[in-house]
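Structure, as structure tokens:
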Amino acid sequence: GNSVTQMEGPVTLSEEAFLTINCTYTATGYPSLFWYVQYPGEGLQLLLKATKADDKGSNKGFEATYRKETTSFHLEKGSVQVSDSAVYFCALTPNFGNEKLTFGTGTRLTIIP
Amino acid sequence: DTEVTQTPKHLVMGMTNKKSLKCEQHMGHRAMYWYKQKAKKPPELMFVYSYEKLSINESVPSRFSPECPNSSLLNLHLHALQPEDSALYLCASSQVFGYEQYFGPGTRLTVT
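Chains L and E are the protein sequences, given in the same order. Residues in the first sequence are numbered from 1 upward in steps of one, following our numbering. Residues in the second sequence are numbered from 114 upward in steps of one, following our numbering.
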């Protein structure tokens, strides 16, 4: 079956530090990959996506590259802000449709000033 | 516009009450979803509606009853809930089933 593995949290960084949150996946074929962000007390927001190998998704200074050879989709940001404090979920859906979204366990990120 | 709206934002109900959660999207999406999220966990899928037909029911207890009156609306009817049903209930939609999903802000449900 499909699965997503994220790095264990919580992650605490100082403002302006470099961020990496690791995500690896197991799936047949070529799934679509997503990062969702959940701010405290809110629903999930789609942060970025990639639908094929070597695609780079980017949004709000965050980036992730679809690496088929390592089955990875690591989230990166060059300089984090306090407002980036949230829970980040890596997720996938198979590319042949009619399949549910598979989530990782989530990584809680806290940025301190 | 990628907005999914949910009402109410908060709901407190007793174990004998009947209440409903509502979800609406105006993106022309043909798939809609209900999820349950407990603290510090990822969302768990409950139901999927595809083209207004129930497509997936993830063995959810019958005290949760979904309804899709039209392609823009999704309801979740609640009856005789248990305290362990307290959670954040999230609605989502996608262009069709299996595509990227857009989530609403959720309803925080407390069962007393």
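Using N, Cα and C, we set each Cβ at its ideal position, and we do this for glycine too. Model, not experiment: these values are computed from the prediction.
Note: A205(E) is bridge-paired with Y146(E), F216(E) in the DSSP secondary-structure output.
According to DSSP, residue pairing for Q45(L) in a beta bridge involves V37(L). In the DSSP assignment, L189(E) falls within the unbroken beta strand (DSSP E) covering 186-192. Contact between Q214(E) and A205(E) holds, since their C-beta atoms are separated by about 4 Å, short of 8 Å.
In terms of beta-carbon proximity, S3(L) stays away from the interface with chain E, with every pair separated by 9 Å or more.
Per DSSP, the continuous beta strand (DSSP E) segment holding G57(L) begins and ends at 56-59. Boundaries of the beta strand (DSSP E) harbouring V11(L): 11-14, taken from the DSSP string.
The beta-carbon separation of V87(L) and I111(L), rounded to 13 Å, does not stay under the 8 Å limit for a contact.
Taking a Cβ-Cβ threshold of 8 Å, none of the residues of chain E is close to F73(L); the smallest such distance is about 14 Å. For Q214(E), the C-beta contacts it makes with chain L under 7 Å involve L101, in order along the chain.
Boundaries of the beta strand (DSSP E) harbouring H123(E): 123-126, taken from the DSSP string. Collapsing the DSSP output to three states places V4(L) in a strand. By the Cβ-count criterion, V37(L) is buried, with 16 or more other Cβ atoms from all chains shown falling within 10 Å of its own Cβ.
The three-state secondary structure of V173(E), taken from DSSP, is coil.
If you look at V117(E), you'll find it in the beta strand (DSSP E) that goes 117-120. Put simply, the backbone Cα of Y162(E) is about 9 Å away from that of E180(E). Secondary structure at P94(L): coil, using DSSP grouped into helix, strand and coil. For a cut-off of 8 Å, the C-beta gap from E137(E) to S185(E) is around 6 Å, short enough to register as a contact. The CB of F210(E) comes closer than 9 Å to the CB of G97, N98, E99, K100 in chain L, given here in chain order.
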